[in-house]
Amino acid sequence: MNIMLLLEMASGAMGERVALGSSASGWTYSELFQRAGEGAASLKNSGAKRLVVCDESSPAVPLGLFAAAWAGIPYVPLNYRLPDQDLRALAQRSVPAVAITDAPGSERLASIDGIDIVLRDDFISNPGSGHPCLESASWDMDPDGVALLLFTSGTTGPPKSAVLRHKHLVSYILGSVEFMGAGEDEATLVSVPPYHIAGVAAMLSAVYAGRRIVQLSKFDADAWIDLVVAEGVTHAMVVPTMLSRIIDALEARGGEELEGVRTLSYGGGRTPLPIVERALELFPNTDFVNAYGLTETSSTVAVLGPVEHREAFASSDPAVRQRLTSVGLPLPAVEVSIRDESGQPVATGTVGEIHLRGEQVSGEYLEQGSLLDDDRWFPTRDGGFLDADGYLFVQGRNDDVIIRGGENMSPGEIEEV
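In the working numbering, the protein residues as written are 203 to 619.
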């Protein structure tokens, strides 16, 4: 099992369909596959144990992801927004490595021993550095091979390296995406940072579905809207702050309609109800999906789908309308358990810690090992509850609770107000 299987299947079944970039000049699936094989050959020849990518969203991101998988080394995207000292500290933890970055990034990483820097534009134009594409299907099929190392921000101490193995990512995609389920006219806009699991999951999902990937290097609401129109974007995923800014920009532009957007997913944080309601009003013909997931779970584990959005929005029943503040129902392959501080399940409607179990759930850190219990449950440290119909409501991080006057308050509740 290897995420390269996803690209191989896409290349074999729809090789001439555009996979990445403009519909007029982008790379086809066959071209992306060929370039990934060339990049893998170069990585194998380098002796690197990891591929670090410190870049905004660009073709180097999906190319590097698949090249690393083919070469059998972990892909390690870094947060380019970090201060120099913090960025270098994370890069140092990844040596020996090849690092793909731009010219300013190369200056920031140049002093690190064990880092072989390749400029982004050179990697995009010549990923193999003269090495021919590796033989097809020559990648490692060990399901326990590490595909991805993502640094997560902890509340205390340095960031931890979340370990996602090929089996976790492939399980997530196979369980949530239909192969070749997209039409040739469909395109997904990836505008979340490439060092977030949401960005990685969006790329893998698009490849398996056969949906063209359009990238926005830096988020700006007006630029997002313009790109949606110019590239015929049909699907997109945003975080709550991005959704709010897009709504503001559309209203400032006179209520401009984006009729081509068929599905708009949002997640990555608690979304205030007024923002959801404004979005549903501005996009009356768009399917909305609220997705909840974590780095340690290979992305999404629960979704509030389009039907649930419309039913809740149209309902006068407070309990039904309240579902707009939920993250919906767990994916079929994911189990959810709400537990108290002693680890015991709590009653329906009672707030506790969210525990998750499923093939896509890693729950592993490079520094700490696996946090799964003997029954393979992962404690998320997120507080939440399940209602009587199985809808999951997330309250926020348990370790972010603020105590004021003897009362516990979650940042999510404060943000809602």
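No residue lacks a Cβ here, since even glycine has one placed at the ideal position from N, Cα and C. Predicted, not measured: the structure shown is a model, and the values here were computed from it.
Residue range 423 to 433 is occupied by the alpha helix (DSSP H) that includes A425.
Straight through space, the alpha carbons of E566 and A212 are spaced by roughly 29 Å.
Counted as a single uninterrupted DSSP element, the beta strand (DSSP E) harbouring G469 occupies residues 465 to 469. Short of 6 Å from the beta carbon of E458, and not among the five residues preceding or following it, lie these beta carbons of its own chain, in chain order: L452.
Membership of G307 in the alpha helix (DSSP H) is indicated by the continuous run 305 to 311.
Taking the C-beta atoms as reference points, G401 is found nearer than 9 Å to V394. Judged by DSSP secondary structure, Q294 falls within the alpha helix (DSSP H) whose first and last residues are 286 to 294.
Just measuring C-alpha positions, the residue of S572, S564, E555, G592 sitting nearest R583 is E555. Note on R559: 16 or more other CB atoms within 10 angstroms of its CB, so buried under the neighbour-count rule.
One thing to note: A269 has its Cβ no nearer than 9 Å to the Cβ of E233. Around the Cβ of N487, a 10 Å sphere holds fewer than 16 other Cβ atoms; the residue is exposed. In terms of Cβ geometry, M203 and D344 form a close pair [threshold 9 Å]. Within the same chain, Cβ atoms closer than 6 Å to the Cβ of V505 are found at V491, A493, G530, the five residues on either side in sequence being excluded. Contact annotation: D257 and G307 have beta-carbon atoms nearer than 9 Å. In terms of Cα proximity to G585, the closest of D577, R578, F595, W579 is F595. If you look at A270, you'll find it isn't in any beta strand (DSSP E); it sits in the alpha helix (DSSP H) that goes 262 to 273. In this structure, T499 and L352 do not form a Cβ contact; the two beta carbons are roughly 12 Å apart against a cut-off of 8 Å.
Residue pairing of E555 in beta bridges, as defined by DSSP: R541, G585. Of V263, D387, R237, the smallest CA-CA separation from S327 is found for R237. Here T473 really is in contact with L445; their C-beta atoms are around 7 Å apart, less than 8 Å.
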